[in-house]
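Scroll down for the structure; my scribbles are underneath it.
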Amino acid sequence: MTTTLYRNGKVFTGTGPDHFASAFEVTDGVFSWVGEEGDAPYKADAEVDLSGASVIPGLIEAHEHALIVAGIANSTACTIPAVTDIPSMIEALRKNPSYGKGPDRWITGWGYDETKLAEHRTPTRHDLDLVSTSQPIYIIRSDCHSGICNTKALELAGVTRDTPDPAVGAFGREADGTPNGILFELEANARVRSLAEKPDFESVVKVIAGSARHFHERGYSVVTEMMARRSPLNTLEAFRAAEPLGFDLQAALYLVWEGGEDERGMADITEEEKAGRIRIAGVKLFADGSVSGRTAWVNEPYQDGTTGLSTLTPAAILAAVSFAKRNGVQLAIHVMGDHAIDQILEVLEGETDWLQGVPSVRLEHVTLITPEQLERIRKSRLTFGMTTQVIFPFAEIESYEASLSPGPFKRMYPVKTLEKSVEALALSSDSPATTWMDPDDPAVSLEAAVRRVAYNGHPINREEGVSLGTALSLYTGRAAKLFAKESPAGVIAPGAEADFSILEADPFTMPEDRIHEMRVRRGFLRGAEVFRRED
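And the structure:
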């Protein structure tokens, strides 16, 4: 055994919002002791003087789309500040690496939000045809639910005037019924997206392996893929194949529920698929859409009088519950609107936990939730965990101001309320499903959770702000409670994997409006250095 003592530091342990130490020991990749420097019980083989530097545990990105994050390296960012109107979007797409490479090469982009564009409208096929009429073009919206495409892409997808809308969502249309290139919600979006992102296994594996540095630089030790699939590309196999090529993080994958109302509509999950550092952790459902798209299912109408949409039937929820029980995995449900939460709680009334030591049910993107709903959750015989993303209103404040009525706007993303009510709670980014250029930079989310001020200075119900220690705990120890404990992470504590970051500056002494400047100087996974900032 080899033990290294790290001393003379300011060590945030992640075990509580104000839990600090000055030293810790690492033995064979695991934290073996944490405390005050003079109390170390073992004589270490080596010592590292931290010189007063701040140290935090490896961060947990509890809800994101790691495969998409890895894959957008060659996709055009259609986000602020680079893209502010439709002409600048066209210009950006013309710089895509695939532009001009022939009719078989797709030009892809990500992150647009029509409320961010000067024209305040969604680009259509006619706009994208100005980039190319010979190459197919597809851009996924910031919410990762909807998208836009050009005429060539519609032709390849076989979407015509006579194509019926899917059961959930719709194809945008011109006055005569001709598709206009706007793809509303998941099913319509998938008709084109599945062609644009046609996977090649070997190239996907290389992209995943290469994404490790992206996560190291931001201090992550655990990531998630919340829309994993078995076909046409097996997400689990791709991530595992990337391990020997350099992908060294833990990854929890959640399979998209494709069984409909049939509890045996998907193949069961094997014990081997659930084991290891990269594993299937659950199955994912979608109960509604997004606030920015006005498709989240809400009780109090949006400003335009609509209330969003439900994308689940009670029978589908119960089928997925039966599947999760039989397979011993979590049920994760995308749910932004409070009406959708009502539906879930009603359907799950009377259910009991099928997992021990970890929430059986995860509610994802909790945006609007009432005290009455939180009380029902507290009394439930089910254990619920939650994720929430304050990065959304921070980056997309215009959409929220234009969409939500005053009442819901004042209670959206109630981090302080949730933190007091739900033990297994995490802040996360849902990257890349927002309009921010670097959406999974944790420092941006941390500052937004503390200050509750949007990028443009507009307030976000500031009474829901929390301390930096609390916000960090929602990326570390509290976030870890959402996951099974086979490979403990998210804390600097004996027995946990020795994942930690040495920071460039102390975020606890920074002015609140500079927390976004927090940067990792050196990053470690299982005691080994994986990142060192060169600048």
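For the sequence shown, the working numbering assigns the number 220 to the initial residue and increments by one for each residue that follows. The C-beta atom is built at its ideal place from N, Cα and C for all residues, glycine as well.
Exposure label - residue i; buried when at least 16 CB within 10 Å
{"i": "Lys598", "result": "exposed"}
{"i": "Pro355", "result": "buried"}
{"i": "Glu565", "result": "exposed"}
{"i": "Arg697", "result": "buried"}
{"i": "Glu374", "result": "exposed"}
{"i": "Thr689", "result": "buried"}
{"i": "Gln575", "result": "exposed"}
{"i": "Glu490", "result": "exposed"}
{"i": "Tyr632", "result": "buried"}
{"i": "Gly321", "result": "exposed"}
{"i": "Tyr225", "result": "buried"}
{"i": "Asp487", "result": "exposed"}
{"i": "Pro398", "result": "buried"}
{"i": "Leu722", "result": "buried"}
{"i": "Tyr619", "result": "buried"}
{"i": "Ala682", "result": "First, the amino acid is wrong: residue 682 is Glu here, not Ala. Result: exposed."}
Beta-carbon gap between residue i and residue j smaller than 8 Å
{"i": "Gly560", "j": "Ile536", "result": "The amino acid occupying residue 560 in the given sequence is Ile; Gly does not appear at that position. Not a contact, by the Cβ cut-off of 8 Å."}
{"i": "Thr654", "j": "Asp332", "result": "yes"}
{"i": "Ala285", "j": "Ala470", "result": "yes"}
{"i": "Leu744", "j": "Leu468", "result": "yes"}
{"i": "Leu472", "j": "Arg498", "result": "yes"}
{"i": "Leu455", "j": "Glu421", "result": "no"}
{"i": "Ala712", "j": "Thr379", "result": "no"}
{"i": "Leu665", "j": "Leu701", "result": "no"}
{"i": "Thr334", "j": "Glu617", "result": "yes"}
{"i": "Tyr439", "j": "Leu693", "result": "no"}
{"i": "Val274", "j": "Ala717", "result": "no"}
{"i": "Leu531", "j": "Val580", "result": "no"}
{"i": "Ala265", "j": "Thr295", "result": "no"}
{"i": "Thr606", "j": "Pro276", "result": "no"}
{"i": "Cys368", "j": "Arg392", "result": "no"}
{"i": "Leu312", "j": "Val350", "result": "yes"}
{"i": "Ala242", "j": "Thr232", "result": "no"}
Reduced DSSP secondary structure (H/G/I, E/B, other) of residue i
{"i": "Phe611", "result": "helix"}
{"i": "Phe603", "result": "strand"}
{"i": "Val253", "result": "strand"}
{"i": "Glu758", "result": "As shown, the chain starts at 220 and ends at 754. That puts residue 758 outside it, with no answer to give."}
{"i": "Phe743", "result": "strand"}
{"i": "Ser664", "result": "helix"}
{"i": "Ser498", "result": "Per the sequence presented here, residue 498 reads as Arg, with Ser not at that position. Strand at Arg498."}
{"i": "Asp268", "result": "strand"}
{"i": "His435", "result": "helix"}
{"i": "Glu490", "result": "helix"}
{"i": "Tyr521", "result": "coil"}
{"i": "Val441", "result": "strand"}
{"i": "Arg360", "result": "strand"}
{"i": "Met446", "result": "strand"}
{"i": "Pro707", "result": "coil"}
Best match in the options for proximity to residue i [C-alpha to C-alpha]
{"i": "Tyr318", "options": "Ser509, Gly512, Asn293", "result": "Asn293"}
{"i": "Glu256", "options": "Thr234, Asn227, Ala272", "result": "Asn227"}
{"i": "Leu336", "options": "Asp323, Lys314, Arg360, Leu349", "result": "Arg360"}
{"i": "Asp304", "options": "His339, Ala551, Thr454, Ser270", "result": "His339"}
{"i": "Ala703", "options": "Met729, Ala643, Glu374, Ser618", "result": "Ala643"}
{"i": "Glu638", "options": "Pro661, Leu623, Val663, Val669", "result": "Val669"}
{"i": "Pro612", "options": "Gly465, Phe603, Thr602, Leu623", "result": "Leu623"}
{"i": "Glu244", "options": "Asn546, His238, Asp237, Asp258", "result": "Asp258"}
{"i": "Gly328", "options": "Glu519, Asp725, Glu416, Trp516", "result": "Glu416"}
{"i": "Lys229", "options": "Glu731, Pro726, Asp754", "result": "Pro726"}
{"i": "Gly429", "options": "Val609, Ala457, Glu404", "result": "Ala457"}
{"i": "Ser450", "options": "Asp419, Ala699, Leu687, Val442", "result": "Asp419"}
{"i": "Glu594", "options": "Gly400, Ile552, Ser640, Thr514", "result": "Ser640"}
{"i": "His238", "options": "Asp395, Tyr225, Thr246, Gly254", "result": "Gly254"}
{"i": "His282", "options": "Asp384, Gly330, Thr222, His553", "result": "His553"}
{"i": "Arg600", "options": "Ala614, Glu570, Glu591", "result": "Glu570"}
{"i": "Val672", "options": "Ile610, Gly714, Ala263, Leu312", "result": "Ile610"}
{"i": "Thr636", "options": "Pro651, Ala667, Phe603, Ile588", "result": "Ile588"}
{"i": "Pro707", "options": "Val577, Ala461, Glu482", "result": "Val577"}
{"i": "Arg496", "options": "Ala506, Thr443, Glu482", "result": "Thr443"}
{"i": "Ser511", "options": "Val411, Lys262, Phe628", "result": "Phe628"}
{"i": "Ala409", "options": "Ile427, Asp384, Val423", "result": "Asp384"}
Closer than 8 Å to chain C by CB, residue i
{"i": "Gly524", "result": "Absent from the structure is chain C; it holds one protein chain and no more."}
Three CB pairs or more closer than 8 Å across the stretch 518-529 and the stretch 472-491: Output reads no: the stretch 472-491 does not touch the stretch 518-529.
Are the stretch 427-439 and the stretch 657-675 touching by the rule of at least three beta carbon pairs closer than 8 Å? Yes, the stretch 427-439 touches the stretch 657-675.
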